[in-house]
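Heads up, the thing below is written out as C-alpha cells.
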Amino acid sequence: MDTSIKILIVDDFATMRRILKNILKQLGFKNLVEADDGTTAWDVLEGQTIDLIISDWNMPKMTGLELLKKVRASDSHKRIPFLMVTAEAQKQNVIEAVQAGVSNYVVKPFTAEAISDKLEKILK
Amino acid sequence: MDVRLINPFINATINVLETMAFVTVNAGKPYLKKDNVAVGDVSGVLGLTGVANGTISVTFEESCILTIVSNMFGETMNSLNSEIADAVGELTNMISGQARRELEESGKQFKAAIPSVITGKDHSIIHYTEGPKIAIPFNTDHGDFTIEVCFER
C-alpha cells in the first residue's frame, strides 16, 4: 500500500476519528485530515488534494451517503476511493451505498485488521 | 413489550465492547426498572422508530467507562470529560446499529436517531415512550454498566 497518500476521515464523533487515526498511523499513513460532517468534508475536498475518503454514514448537515453522491457527481473528485465506515449496515443501506458508487464498506464495530484489509483492496 | 426485542441489544453490547475496547463483558439477569434514576455516572440515550417506537440507554460507572475508553484510544483516561461523553455517544450508536441488523434478520426494521449523552451522579434517564423499562446489568473486571430498553406497549 502507498502510505504517502492523503486520507480524509469524516465522522461526527471525535472518538471514531481518533480510533481511525490511530489505526491508520499504525498502518504507516501519516497524511491525515479530518472533518466532522459531510459539509465540512466537501470544503476540505475543494481546498486540497485528497487521495482517499473514509466516511461515516449518519451525520448531521450532510450524511455520508449525500457526500458520496456529491463526490461521484463531481468531475474533479469522482475518482477518489470512498470507504464507508458505519453502524448503518441494514441491507437497504448497503444497496444504496453500492448504487451510489462506494468503493468498500466496513461495519462498526470493527477491528484494525478489517480496516487494513479493506484499504488493501481499495489501494492495490 | 415483545421480549424478542431485548436479546439483540444484549448481543450487540457484548460484541461492540469486546471488539472496540477489548474488555470481557458478562450479562446479568434482566429486571423491570421502576424509576428514572440512572445506575451509573454517564449515559447514552437513543430513540428508535419502526415496528415499535422506543429508546435504549447505556449507563456506565465511571471506572468502567474510563477503562473502556482508555482501551479504545490506547491511552489512559482519568476523568469524565467531553471525550468520554463523545465516546459514550458513539458506543450507543454502534450498539444500536448492530442490534438493528440482528432485528432486521427477523423482519423487524428500525431507524435510529442521533444519540444524546447525560453525565452526573444520580442523573435521570427519560425514555420517550410509555412502556416497561427492561434493565440488563453487565459487569466487567473494571466496573459495571447497565443497558435499558423501553418500547411502547
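Heads up: the protein sequence lines correspond to chains A and B, in order. In case it helps, this note's numbering puts the first sequence at residues 1 to 124. In case it helps, this note's numbering puts the second sequence at residues 125 to 277. Where a beta carbon is used, it is the ideal one built from N, C-alpha and C, also for glycine.
Going straight from the alpha carbon of residue i to that of residue j, what length do you get?
i                 : j                 : result
Met-120 (chain A) : Ala-237 (chain B) : The question names Met, but residue 120 (chain A) in the sequence shown is Glu. Near 33 Å, if we compare the C-alpha coordinates of Ala-237 (chain B) and Glu-120 (chain A).
Pro-81 (chain A)  : Glu-207 (chain B) : 30 Å
Ile-122 (chain A) : Val-94 (chain A)  : 17 Å
Glu-254 (chain B) : Thr-179 (chain B) : 10 Å
Arg-17 (chain A)  : Asn-160 (chain B) : 33 Å
Ser-194 (chain B) : Glu-34 (chain A)  : 21 Å
Thr-15 (chain A)  : Glu-214 (chain B) : 7 Å
Ile-242 (chain B) : Asp-2 (chain A)   : 42 Å
Ala-89 (chain A)  : Val-107 (chain A) : 6 Å
Gly-168 (chain B) : Ala-87 (chain A)  : 16 Å
Lys-25 (chain A)  : Ser-116 (chain A) : 11 Å
As a quick exercise: from the options, pick the residue whose alpha carbon is nearest that of residue i.
i                 : options                                    : result
Glu-66 (chain A)  : A:Leu-27, A:Val-102, A:Glu-113             : A:Val-102
Leu-8 (chain A)   : A:Thr-111, A:Ser-55, A:Leu-68              : A:Ser-55
Asp-51 (chain A)  : A:Asp-43, A:Met-84, A:Ile-5                : A:Ile-5
Thr-111 (chain A) : A:Leu-68, A:Ile-23, A:Ala-97, A:Ala-87     : A:Ile-23
Asp-265 (chain B) : B:Asn-131, B:Glu-142, B:Ile-134            : B:Glu-142
Gln-92 (chain A)  : B:Ile-219, B:Met-144, B:Arg-224            : B:Arg-224
Asn-31 (chain A)  : A:Gln-48, A:Trp-42, A:Gly-38               : A:Gln-48
Thr-173 (chain B) : B:Ser-220, B:Phe-146, B:Glu-185, B:Met-196 : B:Ser-220
Cβ of residue i within 8 Å of Cβ of residue j?
i                 : j                 : result
Ala-151 (chain B) : Gln-222 (chain B) : no
Thr-216 (chain B) : Val-163 (chain B) : no
Asn-140 (chain B) : Phe-262 (chain B) : It should be pointed out that residue 140 (chain B) corresponds to Val in this sequence rather than to Asn. Cβ atoms of Val-140 (chain B) and Phe-262 (chain B): not closer than 8 Å.
With a threshold of 16 other CB atoms inside 10 Å of the CB of residue i, please say whether the residue is buried or exposed.
i                 : result
Ser-76 (chain A)  : exposed
Arg-128 (chain B) : exposed
Val-98 (chain A)  : exposed
Asn-205 (chain B) : exposed
Asn-58 (chain A)  : buried
Pro-60 (chain A)  : exposed
Glu-276 (chain B) : exposed
Val-273 (chain B) : buried
Tell me, to the nearest whole angstrom, how far the beta carbon of residue i is from that of residue j; I am working on the premise that it is less than 8 Å.
i                 : j                 : result
Met-187 (chain B) : Gly-267 (chain B) : According to the sequence as given, residue 187 (chain B) is Ser; it is not Met. At roughly 4 Å, the Cβ-Cβ gap stays under 8 Å, so Ser-187 (chain B) and Gly-267 (chain B) are in contact.
Is residue i near the ligand FAD - that is, is its Cβ less than 7 Å away from at least one heavy atom of it?
i                 : result
Ser-203 (chain B) : Absence of the ligand FAD from the depicted structure is noted, as is the absence of any ligand whatsoever, leaving it without description.
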